[in-house]
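First to last, the sequence lines map onto chains A and B. Every position in the first sequence, counted from 1, becomes a number in the working numbering once 22 is added. Every position in the second sequence, counted from 1, becomes a number in the working numbering once 1037 is added. All residues carry an ideal CB built from backbone N, CA and C; glycine is no exception. A short write-up of the structure that comes next.
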Amino acid sequence: MPFSERQGEHAISLVLRYGSLIATVVMALGLGLMLAAGPANSLLTYHRVALPALLPRLMHLDAAALTEFGIILLLLTPIFRILVAIATFALERDLKYVLVALGVLAVVLLSISFTIEG
Amino acid sequence: MPNSATQFFAGLGVLGVFAGTMGALLGIGGGLIIIPILTLVYGVPIHQAIGTSLCCIIATSSGAAANYVEHRLSNIRLGMTLELATTVGAVAGALVAAALHREALAILFAVMLCYAGGTMVRRSLKASATEPEATASYTIRRWPLGMIGSGVAGVVSGLLGIGGGPIKVPIMYLVMGVPFKVATATSNFMIGVTAAASAFIYYSRGDVQLLLTAPTAIGVYVGASLGTHIMRRTPSRWLIRLFSAIMFYFAIMMVWKALRGGFAG
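What follows is the structure in structure tokens.
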């Protein structure tokens, strides 16, 4: 069955909706745990969590790790959106736009790698 | 920082709701609202304010575009094509940054914004009854000019550190003949990707702070959902006037920043 333009739009819309919704809920959980944990000045003790430590701390429902994870999910949503766009254009057999979307992905990844190295 | 953590989070949340609503309505990221308030009211260092703002632009874009794509307001193919021009422009801008005089560029840009804003106000006053609504069918005109304009928008936003929304919307609306609501919805769809490229950079430098970003982004998400509902019920001519007002504000900020030598860094 050929993949229609409407289905493609629906898929992209779903990624955006659930990506941003899940990120928001995870961030809210993290902040909620921080507030529940104690007095205001203790907020200053919450720091960024280094990536290797993130997963173990997530398992323990660590407040800072949850918040951090929510932010990472938020940052990844647009990248997922490009990936899904590439897939849906491919399913629609629209080669021109597969190339356009691949081009966008390439430039975005390039600009990220540029600055991380520099 | 205010004493109470709840108060602190709530303040950022309210800021986020406002920025998210405006962003979803007009197809702009909301950085113009978030950055000045974080730096001036909360005393946040500028790089952390930009890091927060970039994350919030992604939240606005994802939250609003989910709705606009589903309702076929965002034109995905138009958006992706212009995205390509903008991102290439942004990289090119970064490469030629040293050769350009940023203050002069900012003032030139402010003049262009005022001209585009003026054109839009005039058109909204003259043709208020005939302004096509989003659902009307439209033909995209002047693709090459639109692509060049988006490339320039990428260069400018890369150099001056501003979001592309205030440039992309007028290009689509005035140059390419796209209905205003489709232009703002498509801009909303695009800005998340543009912001993500920079956001990772700020994130890796440690300029995305948990306690600033999370509460603001949550507010933005709520605001963006609110904004999409308001947008679909508001006549285009009112959105155009609101957008023009934002463009004039933007122009004033640019000139002010240029005169203070704010682009030196």
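Residue state for S1161(B) is assigned as helix, using DSSP reduced to three classes. Taking the Cβ atoms as the reference, G1183(B) lies roughly 7 Å from L1119(B), within the contact range of under 8 Å. In chain order, C1092, C1093, A1096 place their CB closer than 6 Å to the CB of A1254(B), counting only its own chain and leaving out the 5 sequence neighbours on each side. Residues of the stretch 1067-1099 of chain B whose Cβ lies closer than 8 Å to any Cβ of chain A, in chain order: C1092, I1095, A1096, S1098, S1099. Annotation for T1231(B): the continuous alpha helix (DSSP H) segment containing it runs 1217-1241. Taking C-beta atoms as the reference points, F1280(B) and L1063(B) count as a pair closer than 7 Å.
Nearest C-alpha to I101(A) among A1232(B), D1244(B), G1260(B): A1232(B).
Residues of chain B with a Cβ closer than 9 Å to the Cβ of H32(A) are, in chain order, V1106, E1107. In the three-state reduction of the DSSP assignment, Y1175(B) falls in the coil class, being assigned neither a helical nor a strand state.
If the five residues before and after V71(A) are omitted, its C-beta is found closer than 7 Å to the C-beta atoms of R79, A86, A87, E90, all from its own chain and listed in chain order. Proximity of V1125(B) to chain A, defined by a Cβ-Cβ separation below 7 Å, is satisfied. For I1095(B), the enclosing alpha helix (DSSP H) stretches over residues 1083-1107. Neighbours of Y1175(B) in chain A, taken as residues at a C-beta separation under 8 Å, are lacking, since the least C-beta distance is about 16 Å. Of the candidates A58(A), V47(A), S35(A), the residue whose Cα lies closest to the Cα of L96(A) is V47(A).
For chain A, none of the residues of the stretch 1260-1294 of chain B brings a beta carbon within less than 7 Å of one of its beta carbons. Residues of the stretch 41-53 of chain A with a Cβ closer than 7 Å to any Cβ of chain B, in chain order: G41, S42, T46, M49, A50, G52, L53. Counting every other CB atom within 10 Å of its CB across the protein chains shown gives R1178(B) a total below 16, marking it as exposed. Contact between I1208(B) and G1191(B) is absent: CB atoms are separated by about 11 Å, not below the 8 Å threshold. T1043, F1046: these are the residues of the stretch 1043-1066 of chain B whose beta carbon lies less than 7 Å from some beta carbon of chain A, given in chain order.
The stretch 1122-1137 of chain B makes no contact with the stretch 1261-1275 of chain B: fewer than 3 CB pairs, one atom from each, lie closer than 8 Å. Per DSSP, I1065(B) is not a residue of any alpha helix (DSSP H), being assigned neither H nor E.
The shortest C-alpha to C-alpha distance from G1154(B) to any of I1289(B), M1291(B), A1282(B) is the one to A1282(B). Under the 8 Å Cβ criterion, the stretch 109-117 of chain A does not count as touching the stretch 1213-1232 of chain B, having fewer than three qualifying pairs.
For a cut-off of 8 Å, the C-beta gap from A1234(B) to S133(A) is around 5 Å, short enough to register as a contact.
Rounded to whole angstroms, A123(A) and I34(A) show a C-alpha spacing of 13 Å. Collapsing the DSSP output to three states places M1184(B) in a helix.
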